[in-house]
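Quick mapping for you: the protein sequence lines, in order, are chains A and B.
My numbering applies: residue 2 is where the first sequence begins, and numbers increase by one.
My numbering applies: residue -10 is where the second sequence begins, and numbers increase by one.
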Amino acid sequence: MIAEFGHFVLILAFMVSLLQATLPIYGANRQLISVMQFADYLARAQFICIGIAFACLTYAFIVSDFSLSIVANNSHVSKPLMYKIAGVWGNHEGSMLLWVLVLAAYSFVFSFMSQNLETDFRARVLAVQGWIGVAFLGFIIFTSNPFSRLFPAPFEGMGLNPVLQDPALAAHPPLLYIGYVGTSMAFAFAVAGLLGDKLERVWAQALRVWVLVAWLFLTLGIALGSFWAYYELGWGGFWFWDPVENASLMPWLAGTALLHSVMVTAQRGAFMRWTILLAILTFGLSLVGTFLVRSGVLTSVHAFATDPERGVYILAILATTIGGALLLYARARPKLAPTQEFEIVSRESALLLNNVFLATATATVFIGTLYPLFVDALGLGKISVGAPYFSTVFLPLMIPFVIVLPFGPFLSWQRFSGRRLVLPLSLALIAAIIFTFAYYTFTQASSWPAYISLLGAFWLICGAVAAFFDRLDIKRSGRFKRLRNMPPSTVASSLAHAGIGIMLMGIIGATAWKSERVVALMPGDALEIAGYEFVYEGTKSINGPNYRSDQATLRPRSPVSGLTELLPERRFYLAERGQTTEAAIDKRLSRNIYAALGEQLEDGSRVIRIWVHPLVALIWIGAVVMALGGFAGLRRRSASQ
Amino acid sequence: MTKWVGGFFIVFLMLSQAMAIEPGEALKDPDLEARARVLSLELRCMVCQNQSIDDSDAPLAGDLRMLVRERLLVGDSDEQIFELVTARYGDFVLLRPPVVSRTLFLWFAPFLIFAVGLFTVWRLIRRSK
Chain A
2 MIAEFGHFVL ILAFMVSLLQ ATLPIYGANR QLISVMQFAD YLARAQFICI
52 GIAFACLTYA FIVSDFSLSI VANNSHVSKP LMYKIAGVWG NHEGSMLLWV
102 LVLAAYSFVF SFMSQNLETD FRARVLAVQG WIGVAFLGFI IFTSNPFSRL
152 FPAPFEGMGL NPVLQDPALA AHPPLLYIGY VGTSMAFAFA VAGLLGDKLE
202 RVWAQALRVW VLVAWLFLTL GIALGSFWAY YELGWGGFWF WDPVENASLM
252 PWLAGTALLH SVMVTAQRGA FMRWTILLAI LTFGLSLVGT FLVRSGVLTS
302 VHAFATDPER GVYILAILAT TIGGALLLYA RARPKLAPTQ EFEIVSRESA
352 LLLNNVFLAT ATATVFIGTL YPLFVDALGL GKISVGAPYF STVFLPLMIP
402 FVIVLPFGPF LSWQRFSGRR LVLPLSLALI AAIIFTFAYY TFTQASSWPA
452 YISLLGAFWL ICGAVAAFFD RLDIKRSGRF KRLRNMPPST VASSLAHAGI
502 GIMLMGIIGA TAWKSERVVA LMPGDALEIA GYEFVYEGTK SINGPNYRSD
552 QATLRPRSPV SGLTELLPER RFYLAERGQT TEAAIDKRLS RNIYAALGEQ
602 LEDGSRVIRI WVHPLVALIW IGAVVMALGG FAGLRRRSAS Q
Chain B
-10 MTKWVGGFFI VFLMLSQAMA IEPGEALKDP DLEARARVLS LELRCMVCQN
40 QSIDDSDAPL AGDLRMLVRE RLLVGDSDEQ IFELVTARYG DFVLLRPPVV
90 SRTLFLWFAP FLIFAVGLFT VWRLIRRSK
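Here it is in structure tokens:
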């Protein structure tokens, strides 16, 4: 009954979205104020309908209503409550419902905000959101209905893929979708602006906030996914250039470019055309990502369903929305204001250069991910494009990017102002060299290329700190007042740029300076790695709520401060008949000790894999610092600015 | 210089390195073992989704790891090993596609795009002066 109700409100949401897609446009074209304002109510109604449908589906998962096909296929009575709930989006249909829920949530929030924008523009934004809603609600109702019944209903469900039964992975899809789907706001702003010829600085200032929100959640979502891969897959890897990882990286890279270009448009009214194009393309890449994951054209751990019909449907949405928007753009392009004058060394040119780097990176990921499909479709055989390709192509791009990045925030608009940056950046470079030497002295780790990369990482961090203090202007009095009045964009860019450097340090530590051992141990055997010594005390069986587990005990031989025993597990999930590796990780800022339990050998010994990953935590700390930068950028400018 | 650049590439390659090798698989000679690890990163596990043989615990990946090490012990060069494996499984086994006519676009497009981007920026700046 509850499920039928959910199904009903989902169809109702579809009807409301049809209205939301058409009425406001009509009102805006005829300048009918009341019709335009009605868009706000439609957006709220749509969110409430989808929210109820989502709640109904969640309820079905909580009470294990196996007469619903997706509950039967993805849940189990014995599963802990948290994973029953996470199971709602741990499958194709439910995750698409989450997709439209987030879409409607953006419209919902927008309907209460941005009252300073003109009524017809707001109406058009909500109408474009309505089109996307129509497309995706239609997709759900006609090809992937989460409320499909199963008759007869089975007594027990099939359970959720054990690797998905993890707290980080329960939170990963919602975060990622807030980012992914948030790019729809950029798209809606671009199209609404093109439709109404309302493309001014105010437009870009309002857009900037939505791009920031989407970007910071995408950053957190990708980082959480990578953290999950690190500890759950039991390999100690954190980025695999997997097609589905790439699918989320593409909108992130394009969104980062958009974030920089929209700043120029918001502050100077320049680069209007490029900002619009990027806004359309960023959402396009989000759709490409959705297509890649949901159509199953790529084999990946993330692809739940392989159904060509669904793929064709998403491809049609992609072609109409992006194709249509690009046509609008082409029509409006001559009317858009051309860019004002600026010099070679100016903030404008720095931001353009940033966009060249990021656009190239986006294109590289796009080409690398889709090329095997393309070659296969042309009948030229099967090829693989893996990590070695991406490393080879990205490296030559990354090196100049890291070198020039810290210069950007020092440049002024329009004019050349080189002298101002000489002193702070020289200090930053000296500091970076000192830190690199200090690291060498402390650790004595080898590998020259790694030290050069480390110098690059410190250069990014010190450059960001220098840019921050330069703006603070420490020589003048009343600096704490200045700190409060500092433009949010300065804090944001310093944090975000330092975050990249911090992440780079983590990557270097975990790749160049890691130690690894694979050994077969009998109880009582000792194991030495990177100066740490552990004794394997044996493996015992323990019972979890819905799994049985083999748990090994590795006790440190000499008590190093705070280092406790490591308890890596191999879990066997009874309902799903699947195994997971639960690595034991001793986490420190300076290094992680990572132990994974392997299989039992015939002579009774146990395979243990153990790594020491120096600095690895900085990868995710760096991502969080970047996202914090995004938060800082959301703060309103204070009145005195 | 070339050694440094090579070192850079290896460091970045190891981004995705995960090590699935079994105890006893590793070669005694550390130099040969290091070469085996780098080679393993370049070869795809044929029965997995997107893993190198170094990452995969599938039996087929294990067989391929052993094959690579056997050939290294016999004294094969990296090229000879790649040739042997490609003859058996085709280009699909190489995670770094070879530069041939059908992959020209794949290899050169990023640099072409970068160059076009730089040129466009340059023109924009010149025009606005």
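Quick reminder that beta carbons are idealized off the backbone N, C-alpha and C, glycines included.
Exercise for the section: Look at the Cβ atom of Ala317 (chain A), then the Cβ atom of Gly290 (chain A), and state whether they are nearer than 8 Å. Expected result: no
Exercise for the section: Would you please verify whether the beta carbon of Val626 (chain A) is less than 8 Å from any beta carbon of chain B? Expected result: no
Exercise for the section: Output, in chain order, the set of chain B residues within a Cβ distance shorter than 9 Å of Leu398 (chain A). Expected result: Pro99, Phe100 and Phe103
Handout entry: Check whether Ala191 (chain A) and Ala333 (chain A) have beta carbons under 8 Å apart
Key = no
Practice task
Determine whether the Cβ of Ala364 (chain A) lies closer than 8 Å to any Cβ atom of chain B.
Solution key: yes
Handout entry: Cβ-based burial, Tyr441 (chain A) [other Cβ within 10 Å; buried from 16]
Key = exposed
Handout entry: Residues that DSSP places opposite Pro557 (chain A) in a beta bridge
Key = A:Phe535
Problem - Three CB pairs or more closer than 8 Å across the segment 126 to 133 of chain A and the segment 493 to 513 of chain A - result: no
Handout entry: Cutoff 6 Å; reference His8 (chain A); Cβ partners in own chain excluding five residues on either side
Key = Phe148
Practice task
Show which residues of chain A have a CB atom less than 9 Å away from the CB atom of Val110 (chain B).
Solution key: Ser350, Leu353, Leu354, Asn356 and Val357
Handout entry: Three-pair Cβ contact test at 8 Å for the segment 544 to 561 of chain A versus the segment 53 to 61 of chain A
Key = no
Problem - Against chain B: residues of the segment 410 to 442 of chain A by CB proximity under 7 Å - result: none
Handout entry: Ser641 (chain A) - DSSP class collapsed to helix/strand/coil
Key = Below a pLDDT of 50, predicted positions are generally treated as unreliable, and Ser641 (chain A), at 37, falls in that range; the measurement from the model is reported next regardless. Reduced to three states, the DSSP call for Ser641 (chain A) is coil.
Problem - Val63 (chain B) - containing beta strand (DSSP E), residue span - result: Not the beta strand (DSSP E): Val63 (chain B) falls in the alpha helix (DSSP H), residues Pro48 to Val63.
Problem - Per DSSP, the bridge partner or partners of Asp551 (chain A) - result: A:Ser542 and A:Arg571
Handout entry: Every unbroken alpha helix (DSSP H) within the segment 182 to 250 of chain A, with a cutoff of 4 residues, ordered by chain
Key = 202 to 233
Practice task
Verify the CB distance criterion: does Ile114 (chain B) have a CB-CB separation below 8 Å to chain A?
Solution key: yes
Exercise for the section: Please confirm if Asp243 (chain A) has its CB atom under 8 Å from at least one CB of chain B. Expected result: yes
Practice task
Answer with buried or exposed for Gln116 (chain A), where buried requires no fewer than 16 other C-beta atoms within 10 angstroms of its C-beta.
Solution key: exposed
Exercise for the section: Can you grab the Cα-Cα spacing for the pair Thr276 (chain A) / Thr75 (chain B), in whole Å? Expected result: 45 Å
Handout entry: CB contact below 8 Å: Thr92 (chain B) versus chain A
Key = yes
Problem - Residue of B:Ala50, B:Ala15 and B:Phe97 minimising C-alpha distance to Glu31 (chain B) - result: B:Ala50
Exercise for the section: Measure the alpha-carbon distance for Pro99 (chain B) versus Phe358 (chain A) and round it to whole angstroms. Expected result: 10 Å
Exercise for the section: Using 10 angstroms around the beta-carbon of Gln166 (chain A), count the other beta-carbons present and answer buried if the total reaches 16, otherwise exposed. Expected result: buried
Exercise for the section: Using a Cβ-Cβ cut-off of 8 Å, state whether Pro48 (chain B) counts as contacting chain A. Expected result: no
Exercise for the section: Please classify Ala633 (chain A): is it buried, with 16 or more other beta-carbons within 10 angstroms of its beta-carbon, or exposed? Expected result: buried
Exercise for the section: Flag this pair as yes or no: are the beta carbons of Ile142 (chain A) and Ile12 (chain A) separated by less than 8 Å? Expected result: yes
Practice task
Step through the CB atoms of chain A and report whether any lies within less than 8 Å of the CB of Arg33 (chain B).
Solution key: yes
Exercise for the section: Grab me the residues of Pro168 (chain A)'s own chain with a C-beta within less than 8 Å of its C-beta, minus the 5 sequence neighbours each way, in chain order. Expected result: Met83
Exercise for the section: Excluding the 5 residues preceding and the 5 following Pro425 (chain A) in the sequence, name in chain order all residues of the same chain whose CB lies nearer than 8 Å to its CB. Expected result: Phe411, Ala467, Ala468, Phe470 and Asp471
Handout entry: Distance between Met2 (chain A) and Trp242 (chain A) (C-alpha atoms, nearest Å)
Key = 44 Å
Practice task
Check each candidate in A:Ala499, A:Ser490, A:Ser516 and A:Phe111 and name the one with the smallest Cα separation from Glu529 (chain A).
Solution key: A:Ser516
Practice task
Spatial neighbours of Gly183 (chain A) within its chain, please: CB distance less than 7 Å, with the 5 preceding and 5 following residues excluded, ordered by chain position.
Solution key: Tyr107, Trp211, Val214, Ala215 and Phe218
Exercise for the section: Pull up the distance between the alpha-carbon of Val302 (chain A) and that of Met251 (chain A), whole angstroms please. Expected result: No answer about Val302 (chain A) holds up, because its pLDDT of 43 lies below 50 and its placement is not dependable.
Problem - Beta-carbon gap between Pro560 (chain A) and Ala597 (chain A) smaller than 8 Å - result: no
Practice task
Give a yes or no on whether 8 Å exceeds the smallest Cβ distance from Gly382 (chain A) to chain D.
Solution key: No chain D is present in this structure, whose protein chains are A and B.
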